[in-house]
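K.L.:
Residue numbers (the working numbering), protein chains in the order written: chain A, 415 to 994; chain B, -5 to 242.
1. With DSSP collapsed to three states, give me the class of residue 193 of chain B.
2. Pairs of beta-carbons, one from the segment 74 to 86 of chain B and one from the segment 451 to 463 of chain A, closer than 8 Å: are there three or more?
3. By how many angstroms is the C-alpha of residue 791 of chain A removed from the C-alpha of residue 843 of chain A?
4. Output the boundary residues of the beta strand (DSSP E) element that contains residue 834 of chain A.
5. Could you check whether the Cβ of residue 242 of chain B sits closer than 8 Å to any Cβ belonging to chain A?
6. Just the chain A side, please: which residues come within less than 8 Å of residue 243 of chain B by C-beta, in chain order?
7. Along chain B, in chain order, which residues have C-beta atoms closer than 7 Å to that of residue 830 of chain A?
8. Got a sec: is the Cβ-Cβ distance from residue 80 of chain B to anything in chain A below 8 Å?
9. Is residue 465 of chain A close to chain B, meaning its C-beta is less than 8 Å from at least one C-beta of that chain?
10. Here's the rule I'm using: 16 or more other beta-carbon atoms within 10 Å means buried, otherwise exposed. How should residue 905 of chain A be labelled?
11. Which partner residues does residue 944 of chain A have in the DSSP bridge list?
12. Name, going along the chain, the residues of the segment 572 to 602 of chain A whose beta-carbon falls closer than 9 Å to a beta-carbon of chain B.
13. Could you give the first and the last residue of the continuous beta strand (DSSP E) run that contains residue 143 of chain B?
14. Does the beta-carbon distance from residue 516 of chain A to residue 645 of chain A come in below 8 Å?
15. Is residue 587 of chain A closer than 8 Å to residue 557 of chain A when the C-beta atoms are compared?
16. Spell out whether any CB of chain B is found under 8 Å from the CB atom of residue 639 of chain A.
17. Taking a contact to mean a Cβ-Cβ separation below 8 Å, would you say residue 560 of chain A touches residue 964 of chain A in this structure?
18. Give me the DSSP bridge partner(s) of residue 639 of chain A.
19. Within the segment 763 to 832 of chain A, note down every full beta strand (DSSP E) run reaching 3 residues or more, in order along the chain.
20. Under a three-way DSSP split, which group does residue 761 of chain A fall into?
21. Nearest CA to the CA of residue 757 of chain A: which residue from A/796, A/721, A/805 and A/811?
22. Hey, quick one: how far does the alpha helix (DSSP H) through residue 562 of chain A stretch, first residue to last?
23. So, with DSSP's three-state summary, where would you put residue 724 of chain A?
24. Please check the pair residue 884 of chain A and residue 924 of chain A, which I expect to be a contact at CB under 8 Å, by giving their CB distance rounded to whole angstroms.
25. In the DSSP output, what is residue 739 of chain A paired with across the bridge?
26. Let me see if you follow: with CB-CB separation under 8 Å, is residue 868 of chain A close to chain B or not?
27. Hey, how far is the Cα of residue 468 of chain A from the Cα of residue 732 of chain A?
28. Contact check, residue 864 of chain A vs residue 793 of chain A under 8 Å by CB: the rounded distance?
29. Write down the C-beta distance between residue 508 of chain A and residue 478 of chain A rounded to the nearest angstrom, noting that I regard them as a contact closer than 8 Å.
30. Count the other CB atoms within 10 Å of the CB of residue 562 of chain A; is the residue buried (16 or more) or exposed (fewer)?
31. Tell me where the beta strand (DSSP E) around residue 424 of chain A begins and ends.
32. Determine the direct distance from the alpha carbon of residue 666 of chain A to that of residue 442 of chain A, and round the result to whole angstroms.
33. Just to check, is the beta-carbon of residue 433 of chain A closer than 7 Å to a non-hydrogen atom of the ligand GDP?
34. State the Cα-Cα distance for the pair residue 594 of chain A and residue 213 of chain B, rounded to the nearest angstrom.
35. Could you please tell me which residues of the segment 129 to 141 of chain B, in chain order, have their CB closer than 9 Å to any CB of chain A?
36. With 8 Å set as the bound, which would you pick, yes or no: does the beta-carbon of residue 480 of chain A sit closer than that to a beta-carbon of chain B?
Structure below.
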């Protein structure tokens, strides 16, 4: 029998960025918050001595062990799914801070087009532009409504950047100036400006100068040491829940953070959540934590899995297109990359940060005419410098063997002579891409694993071909000796590379096609909120954290209102079918 | 490093001579790790403990070069020869053997990673997944290297010519060799990955001896800061430093 603990106001499942934001905002408002995380406690003292390529990026020291639990994937509905077995190919963050401790900290806002993608696409191109199996929908919120919360996240995280000339004016400048420009970035900037583009420094949470955020937390100035994405920041120079929102919650005295606490069910009476059931991962002992408000703030997979295991919401059915839990799942790891090798130039690329680079947004959203293109949306073109970690970076001229004498000579020659042009593609949802429970594979409690059904779409391939051509043009102008365009894989193979998954518990304005409202509150259960990129109806071109965090900041206002008013839906549901 | 050290084959367990004087030259621009991280930022150079004791001559044996995982020396010899073909010694500098790669691989396979301790290993293993752990795959593949060499040339893998070794490795790489429960291509992929890791890992793991792997590619290693270099127009070569520099 589970031991029943005293009731709290709010319980969060997971204590990364979104659990940390909820804990900080709700404790500051005077509520008691219990944060449950299945991983370990950590703080900045654990971040020392992390300049180790083998231990961190290669073996995945900062990632969750898969010993007891993983996820499975398949490409199509008729296949049997395979579990991801190797810990290093699943990069879900371990312990408090979650993925926010090992992220690269690239922090673009999603574009105005994203939030009204269906309406805007039909307005301009007609219904026929959207393939029948592409399940895009509006998000139930606009960019302007979300702008103050983008701003709030950026101030909390000390984002360093400069405005993107293609997108709306910001209500406030970035709290810190952009990072310094290396010679490689200056070359990209000069070349692309001559080509008529408007490059800008990528905004990032590796802060350019010493900064104190509105909560009084200090971030130090980034040192360009390049042990960044996949690593923890030894300097405390990278925005991370462990050095920002978690200590902010802790200093209120109202945050009860419990580690090694794996939530196995959301408890409910069919109408309302009563709390959560969790397990001490060391002893197996079970606890029931009652709460007025339950907030799911773990990674996309676990948010969806907990709802399915707890019998909350209608599971999505790809045959009929009905149901919402698991719907519109997207994977955003299929990056389009083109390398340039420069026989006559050497770059100091060992000096870098997790999101060090410049970007061009001319081919994002609907900034360019798609009339004669076989895809919608697009992607940024970025020059990205991620360091020269020597195990991972061994480029050679085309036709060279991957080992032996030629490999050694060529990979040494190009070790400091390569540049990477990089596009993260906006990823559209499809009827047959979704999450559900795997029928074969289980965790240590005999609960089924989450199963991904997903593959690259024609939309992805269209964006890839279109943008890689632009990469090649830029690298030619930059006078690369060799250009190595990396092809799009034939099929999705389940690895994560970053933590860029979306959907499964999507937001919207209509309960028949969305699971949560624009305060991330479940339509079916008023006192249950689900935060994170699981709310995204589609995945835009760039990294998810800024938009997911902005939605979560807004959601915390809804949670406070909900607790003050003693319950109720914060948004009046619409039926989109009746409106048409 | 001295010529004498350069000529020391890694597999030969003679003691190597090191001095703190030599190491002190590697700390230029480096920062000592300290509790008060913020206080270090912006400082140009901080003297290290190594500099403080410079002049002390210190004799060491490399007692870490023995086998934790492999049980048969013939397996280890075949492994060493295979890694050297993947990353050979040439005019740029040492190959896998002198960089310590075979010992690196032995230590990795003896670690929890070699036993897939953090991986999901529940049955069934479908769709080409192998039930073997990494150590099993390596032992099996290496013994097959010797089997194939014996069949074709009546000698152990490390005793045949370089060209003969390369042809056999290419056969493994293309998946042409039968192995139980795993493809020879998967074994070769693991062997190649481990070899590259051993050439370029932090030296504390047993490979990249004296940071010579890093020196060949002008990789500076575990610096705390490159704020002095990031905007430079010209390429800047820095003497590499390793993680041991952060502790001592």
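Virtual Cβ for every residue (Gly too), placed ideally from N, Cα, C. All values reported here derive from a predicted model rather than from experimental measurement.
P.N.:
According to the structure data:
1. helix
2. no
3. 12 Å
4. 832 to 837
5. no
6. Since the first and last residues shown for chain B are -5 and 242, residue 243 of chain B lies out of range.
7. 212 and 229
8. yes
9. yes
10. exposed
11. A/710
12. 593, 594, 595, 596, 597 and 600
13. Taken as a continuous stretch (DSSP letters only), residue 143 of chain B belongs to no beta strand (DSSP E), being part of the alpha helix (DSSP H) at 128 to 147.
14. yes
15. no
16. yes
17. yes
18. A/766
19. 770 to 774 and 795 to 799
20. coil
21. A/811
22. 557 to 571
23. helix
24. The Cβ separation is near 37 Å, so there is no contact.
25. A/729
26. no
27. 41 Å
28. That pair is no contact at about 27 Å.
29. 5 Å
30. exposed
31. 422 to 427
32. 7 Å
33. This structure lacks the ligand GDP; in fact it carries no ligand of any kind.
34. 21 Å
35. none
36. yes
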